[in-house]
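Residue numbers (our numbering), protein chains in the order written: chain D, -3 to 274; chain R, 33 to 281; chain S, 671 to 1102; chain X, 3 to 343.
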Ligand SMILES: Cc1cc2nc3c(=O)[nH]c(=O)nc-3n(C[C@H](O)[C@H](O)[C@H](O)COP(=O)(O)OP(=O)(O)OC[C@H]3O[C@@H](n4cnc5c(N)ncnc54)[C@H](O)[C@@H]3O)c2cc1C
Ligand code: SF4
Ligand code: SF4
Ligand code: SF4
């Protein structure tokens, strides 16, 4: 999906918000449609650069499956200029979109025919949701599905309606935890690794997909290694400061790798020796 | 959104920063399409009691000024410190290197005891009240000021460089002042001014204040390499009231 | 009919710094009439002690945002006098040229932005932009040129950085000077337009004469802002800037944080009108013609006419600058780098700020560390005179409405173009 | 066409004719140093310069440029500057750096803003006549250039050899048809100059060979040199601003007073600056000076090499001069790696 050489890689495509809905105190859900009418043409795990004129651009993961036609979905946390301006958008408002950029989860290759273990912390669920939906839409292509999701507090939970549907999928385990509960929270409490003993992982058949805050990876991967899951069966998605999204500006480099090009989705075996990765 | 009501106040300073606003020339008319000034003593004769944005120029040098500043803070939604006197204390802070009595006597002699000549330790605005945004510099760069006003009008947090002046100095193709054995504070000072001083052949004297993590140890080594002393460096660092990380070299 | 007048104008607007007018009268009897300066004192003379000669200009420039070039020049020349340094002819010419940029910037600001609203019955320049757009455009053009000119030669607008003891940190390129020369030529019609506008309003300036001593720089054969000795309209003798203390005779009064001055009388005035009264014979042709159109005569002692003298000076400044640039271009700009070996000494200098004569003195030890300073600022020298003007003016207008009296008093203060923020930084070691 | 031989007067006349034809950006004095700047008369050209303060990358990737304008939430327009120009007087090490940037800006996603300027430019290179105090191009294989330019100028005695190598170059030398061809003696002198330059432009002597550099770095991640040197680093970015092979950038939006229309602008940025890798939540992925310092040297000696097979230091020595702290000498750093930690 590279733009033509004489096209401008920095020129956003006009797009229109079709749905904007608050999800938590700081995260909102967005559905956009490209004004050209074409599909975005992404794969699960890829991201776009969202452009708000005057505020700038921010890399945002696509949260919907490519099988959703005509529009695409994102979840954005209100942390700065672009995201704040996005939160002020109403259906019908315009934004600019560049992309999709980056690598994706290997839903058509390495993941196919395997058991899938999704491990997501907080907003890390956003790109992974795209893969989860893809897997469920092609359910017969994959084995057992385990989804582990953790947030800081019950108020931070995302996609709660989706979760109800995921729980009832065939041959699927959905487990959830919060770091700190509240009086109404009846579920599991503890960091995300405390969910792992509750799922059985067959290292020979499993591919793991991990996305969450930087601190999460080290501990989750340690646990998976204990379960003898090979590094080349683990996929992670990394976040870095990013300006261009196309391997020029230098901000997103982890050692020699540009996250926007060699990532954001990496096979762990490829970056386990890259010191700045995790 | 209706235009934010803006009031400008001055405390002890040279009013050069307000002058930079005047120096926007016809752009002031554009400025007025974005904000509504309700109080600006230097330029107009109106007064007002409430405002969305208070812009405060100058440093706080008398107890009665502290009270006035607190009152301004109470009436303002957003408070902006304008210029080095407000953000750092500015040259006024040089006074604090001496005993107050000595300072007064030096300037007013026998009359120093007269009550209207009272003075106190110099404070930057954020040493008295909460400051929401700082417009750095002595004087401020009016292009930067205008950009900050436009940011606030669009709900954007202004992006103020966290890197040192050398970045902008290099972009402007200057010969480094150190090549002339001069002490330049560029490597320790927050950029955003576009390095007008080194570009005019003069050292950076630090009027925008220190970067977040100034490497004062490196500065010490550099002084030794250029045959200057830490005292030389310190003396220059203090000119605009930059804070303790500078003073403790 | 019993009538009480009570005027308290706190913080007179449209001036630099804070000044307060107090007038209290009952049935025509004046109980109290005072010009007060409550601006927070800043103690510059105390602050510069212990500072290196290299940093003095940077510090004292901050006395005033509007006269920063003049303060820098006074400091630099005082330092040079203390250390026996002489700037080259090129340096001196460029300094004069830099100095003029500030005069133009300041005069156009004062006449256009601060005084014009008075004459046109407005509270600020903002409504003038729609009621008198052409006038405002003209003022902006002149003001901007002053600033760009300053940026070119001084390194930036306000608080110069190129001016150093011994010479310039950066010299302008000849192409830049040529470009400046062209822009100065182009601005002459705008100056005439401004003069015309002020001329058409000159009738609104109050007729108020009060015999006054005027003090400023004088130099043989020259309408000077930069060179020369201290002259007075009360005497033919002149005083060297090195002895400026014998002219200013500063003293502290309870109504002011700024110190007052007196020479031959109880007060004296400095500024454009003072310079005019001392030097009008040496105006260049176009400036002379401009003065003629206003009927401005040497010996004028109406303080409200200071603004007219400023208009005349804008023309003089541009005319003279064109000559100076010619001189520089003919000689060609020689690369020179300032070189100073600090030594012990005591030096003073006098330079004309836009609002009047300014004095600096510094004493250095053998390492070039400042031991003592004495600065005497123009607005300071005018405070006593403003008070004397008040005392003479109020009885003549006491039967007018309170608003009118207030307006006339405010206008009087503004016509001095006071820079109160700078005047409170003055100091003197001797208390009278 | 053979190389032409021009006396200094003819050379000046030719440059004057170029100025008449096209925008020329040439090396000129700025005080006692040199810069690339628009050339308005041939006599301002200073081909005897040692090094320019800022590399000619600024002609293709300006310190500040507008990428696009917008007139509202969806009205974006590219701004592409393709006005042709002649870049006159580029030293061989800068020729090498430009060639490297060309590849990086073309690779994967082509950057039209860079490429439009680049494609509109005719590069006139010039062999080095004066060595700068810190040049070590001789160690980096960039003291002379065989390709990457349109015309090569070489001063031999009181003549210049003008050697057009491409069609674009030949078009500019058409007017020299009647000038004498370079004779064998001059050509031999040019060969000698090349040999000398390769040998002599080594104010610092790099001990590891270029081929072994990436491997050496590979093994030196924990070497104490990074911390030792970074202790003195101001994170001032001077080294990366002046480097001809550094091209990291930041992008920021600016709005006009109508608060709707505006521009998206690109400015030079650098990996040595404190917040270069900071993300939301104030998490800084490279918060230690030593990490940033190491990253820079890895980028020069390994990361770019991994990408395009070239070392991203051309030995211009600019960073050595620019670093106030005196810690930015690539040769010092890479030589230290040969010492046991
Ligand atoms: C591949 C990828 C996918 C992503 N997907 C999502 C997603 O799906 N949803 C989501 O919400 N986020 C996502 N992010 C994160 C998001 O791009 C960032 O949070 C982004 O900064 C938001 O932009 P902003 O303009 O709102 O914030 P900014 O205005 O850029 O600021 C965010 C915060 O970071 C700080 N900051 C940023 N840059 C600097 C700097 N140079 N120096 C100092 N501080 C700085 C600011 O102070 C501020 O507090 C993703 C990031 C990547 C790389
Ligand atoms: S002159 Fe000052 S600001 Fe410029 S590079 Fe040198 S140290 Fe930095
Ligand atoms: S690293 Fe230094 S010597 Fe090497 S190319 Fe960059 S600036 Fe030149
Ligand atoms: S120039 Fe020197 S001090 Fe500045 S960032 Fe580079 S290495 Fe550090």
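Beta carbons are placed, not taken as given, at the ideal position from N, Cα and C, and that holds for glycine.
(request) Using a cut-off of 9 Å between C-beta atoms, extract the partners of residue 49(D) located in chain X. (result) The residue labelled residue 49(D) in the question sits at position 53 within the first chain. Neighbours of residue 49(D) on chain X, chain order: 72, 73, 74, 75, 76, 77, 78, 255, 257, 262, 263, 264, 266.
(request) Using a Cβ-Cβ cut-off of 7 Å, state whether residue 186(R) counts as contacting chain X. (result) To locate residue 186(R), count along the second chain from 1; it is residue 154. It does; some Cβ of chain X falls within 7 Å.
(message) Using beta carbons (cut-off 7 Å, strictly below), is residue 786(S) in contact with chain R?
(response) Here residue 786(S) corresponds to residue number 116 of the third chain, with the count starting at 1. Cβ-Cβ to chain R under 7 Å: no for residue 786(S).
(message) What would DSSP say about residue 186(R), mapped onto helix, strand or coil?
(response) Looking up residue 186(R) in the second chain gives position 154. If DSSP states are grouped into helix, strand and coil, residue 186(R) belongs with coil.
(message) Under 8 Å: do the region 294 to 306 of chain X and the region 205 to 221 of chain X share three or more Cβ pairs, one atom per stretch?
(response) yes
(request) List in chain order: all unbroken alpha helix (DSSP H) runs of 4+ residues lying wholly within the region 231 to 269 of chain R. (result) 248 to 257, 262 to 269
(request) Please state if the CB of residue 124(D) and the CB of residue 114(D) are separated by a distance shorter than 7 Å. (result) As a position in the first chain, residue 114(D) is number 118, starting the count at 1. As a position in the first chain, residue 124(D) is number 128, starting the count at 1. Taking 7 Å as the Cβ cut-off, residue 114(D) and residue 124(D) qualify as a contacting pair.
(request) Let me know the secondary structure DSSP gives residue 183(X) once reduced to three states. (result) Locating residue 183(X) in the fourth chain gives position 181, counting from the first residue. Strand at residue 183(X).
(request) Output, in sequence order along the chain, the residues in the region 69 to 87 of chain D whose CB is closer than 9 Å to any CB in chain R. (result) Listed by position, the residues of the region 69 to 87 of chain D near chain R (Cβ gap below 9 Å) are 76, 77, 80, 81, 84.
(message) Using a Cβ distance threshold of 8 Å, determine whether the region 57 to 64 of chain R contacts the region 91 to 98 of chain R, with at least three qualifying pairs required.
(response) no
(request) Compare the beta carbon distance of residue 857(S) and residue 815(S) with 7 Å and say whether it is the shorter of the two. (result) As a position in the third chain, residue 857(S) is number 187, starting the count at 1. As a position in the third chain, residue 815(S) is number 145, starting the count at 1. Yes, the Cβ-Cβ distance between residue 857(S) and residue 815(S) is below 7 Å.
(message) Quick check on the DSSP output: what are the complete beta strand (DSSP E) runs of length 3 or more inside the region 34 to 115 of chain D, in order along the chain?
(response) 43 to 48, 52 to 57, 68 to 73, 90 to 97
(message) Which of the three DSSP states is assigned to residue 964(S) in this structure?
(response) One-based indexing of the third chain puts residue 964(S) at position 294. If DSSP states are grouped into helix, strand and coil, residue 964(S) belongs with the helices.
(message) Considering only the alpha carbon of each residue, which of 222(R), 155(R), 132(R), 49(R) lies closest to residue 240(R)?
(response) The residue labelled residue 240(R) in the question sits at position 208 within the second chain. Ranking 222(R), 155(R), 132(R), 49(R) by Cα distance to residue 240(R) puts 222(R) first.
(request) Measuring from each Cβ to the nearest heavy atom of ligand 3, keep the ones under 6 Å and list them in chain order. (result) 244(X), 245(X), 246(X), 247(X), 302(X), 315(X), 316(X), 317(X), 318(X), 319(X), 320(X), 321(X), 332(X)
(message) List, in chain order, every chain X residue whose beta-carbon is nearer than 7 Å to that of residue 7(D).
(response) The sequence position of residue 7(D) within the first chain is 11, counting from 1. Within chain X, the residues near residue 7(D) are 70, 78, 80.
(message) Can you confirm whether residue 152(D), when its beta carbon is compared against all beta carbons of chain X, has any partner nearer than 7 Å?
(response) If you number the first chain from 1, residue 152(D) lands on position 156. No, residue 152(D) does not count as interfacial toward chain X.
(message) Check for me: the beta strand (DSSP E) holding residue 888(S) runs from which residue to which?
(response) Within the third chain, residue 888(S) is the residue found at index 218, counting from 1. Run containing residue 888(S): 885 to 888, per the beta strand (DSSP E) assignment.
(message) For the beta strand (DSSP E) containing residue 146(D), name the first residue and the last one.
(response) For this step, residue 146(D) is matched to residue 150 along the first chain. Segment 141 to 147, the beta strand (DSSP E) holding residue 146(D).
(message) Given a cut-off of 7 Å on the beta-carbon distance, is the pair residue 805(S) and residue 867(S) in contact?
(response) Against the third chain, residue 805(S) aligns to sequence position 135. Against the third chain, residue 867(S) aligns to sequence position 197. Against a cut-off of 7 Å, the Cβ pair of residue 867(S) and residue 805(S) comes out as a contact.
(message) In this structure, how does DSSP classify residue 990(S) when only helix, strand and coil are distinguished?
(response) Along the third chain, read from residue 1 onward, the residue named residue 990(S) stands at position 320. DSSP places residue 990(S) in helix when its eight states are reduced to three.
(request) Taking C-beta pairs closer than 7 Å, name the residues in chain R that residue 61(X) reaches, listed in chain order. (result) Translated into the one-based positions of the fourth chain, residue 61(X) becomes position 59. Correct list: empty, because the minimum Cβ distance to chain R is about 13 Å.
(message) Using a Cβ distance threshold of 8 Å, determine whether the region 30 to 50 of chain X contacts the region 244 to 259 of chain X, with at least three qualifying pairs required.
(response) no
(message) Taking the beta carbon of residue -2(D) as the centre, do at least 16 other beta carbons fall within 10 Å, making it buried, or is it exposed?
(response) Reading the first chain from its first residue, position 2 is the one you call residue -2(D). Its pLDDT being 38, under 50, residue -2(D) is placed unreliably in this model, and the value from its coordinates should be taken loosely. Result: exposed.
(request) Can you give me, in chain order, the residues of the region 42 to 58 of chain R that have a beta carbon less than 9 Å from any beta carbon in chain S? (result) 42, 43, 44, 45, 46, 47, 48, 49, 50, 51, 52, 54, 55, 57, 58
(message) Any beta carbon from chain X within less than 7 Å of residue 205(R)'s own beta carbon?
(response) In the second chain, the residue the question calls residue 205(R) occupies position 173. The beta-carbon of residue 205(R) is placed less than 7 Å from the nearest beta-carbon of chain X.
(message) Less than 7 Å between C-beta atoms, sequence neighbours within five positions excluded: which residues of the same chain meet that for residue 50(X)?
(response) For the purposes of this step, residue 50(X) is identified with residue 48 of the fourth chain, where counting begins at 1. Counting only Cβ-Cβ distances below 7 Å, and skipping sequence neighbours, we find 131, 132.
(request) Please work out which residues of its chain come closer than 6 Å, Cβ to Cβ, to residue 57(X), disregarding the five sequence neighbours upstream and downstream, and give them in chain order. (result) Taking the first residue of the fourth chain as 1, we reach residue 57(X) at position 55. So the list reads 96, 246, once near-sequence residues are dropped.
(message) Contact between the region 835 to 846 of chain S and the region 1000 to 1018 of chain S is defined here as three or more beta-carbon pairs at a separation below 8 Å; is this criterion met?
(response) yes
(request) Take residue 978(S) as the anchor and find which of 939(S), 1086(S), 772(S) has the nearest alpha-carbon. (result) Counting from 1 along the third chain, the entry for residue 978(S) is found at position 308. For residue 978(S), the nearest C-alpha among the options comes from 1086(S).
(message) So, for residue 18(D): in the same chain, excluding its five sequence neighbours on each side, which residues have a beta-carbon less than 6 Å away from its beta-carbon?
(response) Position 22 of the first chain, counted from the first residue, corresponds to residue 18(D). Once the five neighbours on either side are set aside, the close Cβ partners of residue 18(D) are 24.
(message) Could you check whether the Cβ of residue 180(R) sits closer than 6 Å to any heavy atom belonging to ligand 1?
(response) Residue 180(R) sits at position 148 when you count from the first residue of the second chain. No, the Cβ of residue 180(R) stays beyond 6 Å of every heavy atom of ligand 1.
(message) I want to verify the contact list: residues of chain X whose CB lies under 8 Å from the CB of residue 244(R), in sequence order.
(response) Here the question's residue 244(R) lines up with position 212 in the second chain. Per Cβ cutoff of 8 Å: 276.
(request) Using alpha carbons as the reference points, say which of 290(X), 202(X), 260(X) lies closest to residue 231(X). (result) The count along the fourth chain starts at 1 and reaches residue 231(X) at position 229. Closest by alpha carbon: 290(X).
(request) Measure the CB-CB distance between residue 70(R) and residue 41(R) and report whether it falls below 7 Å. (result) The residue you call residue 70(R) lines up with position 38 of the second chain. The residue you call residue 41(R) lines up with position 9 of the second chain. No, these two residues do not count as a Cβ contact at 7 Å.
(request) Could you tell me whether any Cβ in chain R is nearer than 7 Å to the Cβ of residue 327(X)? (result) As a first step, residue 327(X) must be located in the fourth chain, where it is residue number 325. For residue 327(X), the answer is yes, since a Cβ of chain R falls inside 7 Å of its Cβ.
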